[in-house]
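J.:
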Amino acid sequence: MNDSSTELLVLAYILIVFIAVIFLGLFGLRAHSIWFERQTRAYLTKHQDYFDYVKSHLHEDIPLQKPVGTLSRTELKVIQTKLFQWMDKIVGAERDKLAQLCRDLGLVEMNLKRLRSEIHWIRLDAANNLGVLQAGTAVPLLQQLLDEERYGSPAFVIARAISQSAERLEQLDAMVRSLAKHRKQSHRLVSEVLALSRLDYTPLLLEYLQEPDDELQRIALTGLHNRSIPGALQLLTPFLASEDAELRLLSVQTLVRQGSGQTSDRLAEWMGHEDANIRAEVAEALGRIETEHAIALLKEGLSDPDWRVRMNCARSLVRLQDSGFEALCETAAGSEQTEEASLAYEVIQEELMHGSLYMDDFEQALQHNRRLQIYRQFFEGRPGWAPSMNGLLASKEDSA
Numbered sequence: 000m001n002d003s004s005t006e007l008l009v010l011a012y013i014l015i016v017f018i019a020v021i022f023l024g025l026f027g028l029r030a031h032s033i034w035f036e037r038q039t040r041a042y043l044t045k046h047q048d049y050f051d052y053v054k055s056h057l058h059e060d061i062p063l064q065k066p067v068g069t070l071s072r073t074e075l076k077v078i079q080t081k082l083f084q085w086m087d088k089i090v091g092a093e094r095d096k097l098a099q100l101c102r103d104l105g106l107v108e109m110n111l112k113r114l115r116s117e118i119h120w121i122r123l124d125a126a127n128n129l130g131v132l133q134a135g136t137a138v139p140l141l142q143q144l145l146d147e148e149r150y151g152s153p154a155f156v157i158a159r160a161i162s163q164s165a166e167r168l169e170q171l172d173a174m175v176r177s178l179a180k181h182r183k184q185s186h187r188l189v190s191e192v193l194a195l196s197r198l199d200y201t202p203l204l205l206e207y208l209q210e211p212d213d214e215l216q217r218i219a220l221t222g223l224h225n226r227s228i229p230g231a232l233q234l235l236t237p238f239l240a241s242e243d244a245e246l247r248l249l250s251v252q253t254l255v256r257q258g259s260g261q262t263s264d265r266l267a268e269w270m271g272h273e274d275a276n277i278r279a280e281v282a283e284a285l286g287r288i289e290t291e292h293a294i295a296l297l298k299e300g301l302s303d304p305d306w307r308v309r310m311n312c313a314r315s316l317v318r319l320q321d322s323g324f325e326a327l328c329e330t331a332a333g334s335e336q337t338e339e340a341s342l343a344y345e346v347i348q349e350e351l352m353h354g355s356l357y358m359d360d361f362e363q364a365l366q367h368n369r370r371l372q373i374y375r376q377f378f379e380g381r382p383g384w385a386p387s388m389n390g391l392l393a394s395k396e397d398s399a
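Note that numbering that gives the first Met the number 0 has the sequence shown beginning at 0, numbered continuously upward.
Rendered as structure tokens:
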């Protein structure tokens, strides 16, 4: 047998051994999965009386007791899964009682040990569990893991756990900076992670606005979207002149969500901004402000050179109750068949087509009927004036 034949034979043996190892590994995983499923069913049955006790005493003002006897590691995992399922569905004092029971059972310590595992997926599972447990003692180790983790989904699993468990703003700050250093334009994801925190992190966001780091500024502006903050105009207006288009857009999104704090002149100024993204955002926001000035701005915006601004203006007018719908009809019924008139008519028809969807909602049905009457005032008698069959059917049933 020559050398090449020997090498081929050795390679074939190696491949056979490799395939056998893979099959043995898969068989072992499947066998472990079956064993764990059986153990889970057995322990759920064994502790059913205890679970009934927890449910029946959850609303009482007394601490929940642990199960009687010593629990194995597998039993703890099964009980943990059951308690976590409940904790996902409730909030407030009842959830806090379950979290305290988990701590009394030693689940924090068990998951802290797993957090030090050499196996990556075990560490991630432990991090997720510690977040559910809101384990403040785990934050330093979680932060260490986050600093070592490459950017990606696993990093956000750890970050979520930190946000849920953090007891001080400094811990949230370290988490945010660890994610921001990757420069991955992930400000929306980071803001969602921050929203999981039990702490009021508004001071942290206001601090980021003063930072030279544009990624931290994006995180701050995104996180402030749904928060009313004092001095918002002075803090955010400088970003409208930023060279970064996204910073401009995020700042105006935050400003317009401050609601009634914006004057008519300021809204008009923003509707004339050179950045079409800003105009489109303001047009969308005006649909939440029921004033004559908002209607006038939106009617004017129907002739904007940018199609997104025009569309947002038309749909905002629809949202502004009957007065906005009437203004849209007035534009659509104008003597000249302009582009804004065509868009207004298209949005009107789109709105009237929703008539059949409102039949189970009395208030919505009344509003729809009023809009049909407004529509008739402007279009009845014109060729092709009749709205969709859905609208007509709704009107006939309301009249009956």
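Ideal Cβ positions, reconstructed from N, Cα and C, are used throughout, including at glycine.
Which of helix, strand or coil does DSSP assign to residue 130?
T.: helix
J.: Out of curiosity, what's the CA-to-CA distance linking residue 8 and residue 136?
T.: 57 Å
J.: With DSSP collapsed to three states, give me the class of residue 4.
T.: helix
J.: By the three-class DSSP mapping on this structure, what secondary structure does residue 165 have?
T.: coil
J.: Classify residue 55: buried if its beta carbon has 16 or more other beta carbons within 10 angstroms, exposed otherwise.
T.: exposed
J.: Can you check which of these residues, 200, 45 and 173, is closest to residue 73 by C-alpha distance?
T.: 45
J.: What residue range is occupied by the uninterrupted alpha helix (DSSP H) comprising residue 66?
T.: Counting along the chain, residue 66 falls outside any alpha helix (DSSP H), and DSSP gives it neither H nor E.
J.: In this structure, how does DSSP classify residue 216 when only helix, strand and coil are distinguished?
T.: helix
J.: Let me confirm a value: residue 4 is counted as buried when at least 16 other C-beta atoms fall within 10 Å, else exposed. Which label applies?
T.: exposed
J.: From the DSSP output, in three-state form, read off residue 48 for me.
T.: helix
J.: Which ranges would you report for the alpha helix (DSSP H) in the stretch 138-189 if only whole runs of at least 4 residues count?
T.: Whole alpha helix (DSSP H) segments, 4+ residues: 138-147, 152-164 and 168-179.
J.: Considering only the beta carbon of each residue, do residue 322 and residue 282 sit closer than 7 Å?
T.: no
J.: In whole angstroms, give me the CA-to-CA distance for residue 202 and residue 169.
T.: 11 Å
J.: Kindly list the residues whose CB is nearer than 7 Å to the CB of residue 298, restricted to its own chain and excluding five residues on each side of it in sequence; keep chain order.
T.: Excluding the 5 residues flanking it on each side, residue 298 has same chain C-beta neighbours closer than 7 Å at 326 and 330, in chain order.
J.: Determine, using beta carbons only, whether residue 253 and residue 235 come nearer to each other than 7 Å.
T.: Against a cut-off of 7 Å, the Cβ pair of residue 235 and residue 253 comes out as a contact.
J.: Using C-beta distances below 6 Å, list every residue in its chain close to residue 219, excluding the 5 sequence neighbours before and after it, in chain order.
T.: For residue 219, where only same-chain residues beyond five positions count, the Cβ hits under 6 Å are 204, 207 and 208.
J.: Is the beta carbon of residue 178 closer than 7 Å to that of residue 158?
T.: Yes, the pair counts as a contact, with Cβ atoms nearer than the cut-off.
J.: Nearest by alpha-carbon distance to residue 280: which of 267, 303 and 308 is it?
T.: Comparing Cα-Cα distances from residue 280 to each of 267, 303 and 308, the minimum goes to 308.
J.: Quick check on residue 224: does DSSP put it in helix, strand or coil?
T.: coil
J.: Please report the distance separating the alpha-carbon of residue 248 from that of residue 110.
T.: 42 Å
J.: Of all the options 61, 293 and 119, which has the alpha carbon lying nearest to the alpha carbon of residue 96?
T.: 61
J.: Name the residue from 35, 91, 194 and 92 whose alpha carbon lies nearest to the alpha carbon of residue 75.
T.: 35
J.: Use the C-beta contact count for residue 269: other C-beta atoms within 10 angstroms, 16 or more gives buried, fewer gives exposed.
T.: buried
J.: Measure the beta-carbon distance from residue 238 to residue 250 and round it to whole angstroms, keeping in mind my assumption that it falls under 8 Å.
T.: 4 Å
J.: Can you name, in chain order, every residue of its own chain whose Cβ lies under 7 Å from the Cβ of residue 224, other than the five neighbours on each side?
T.: 252, 253 and 256
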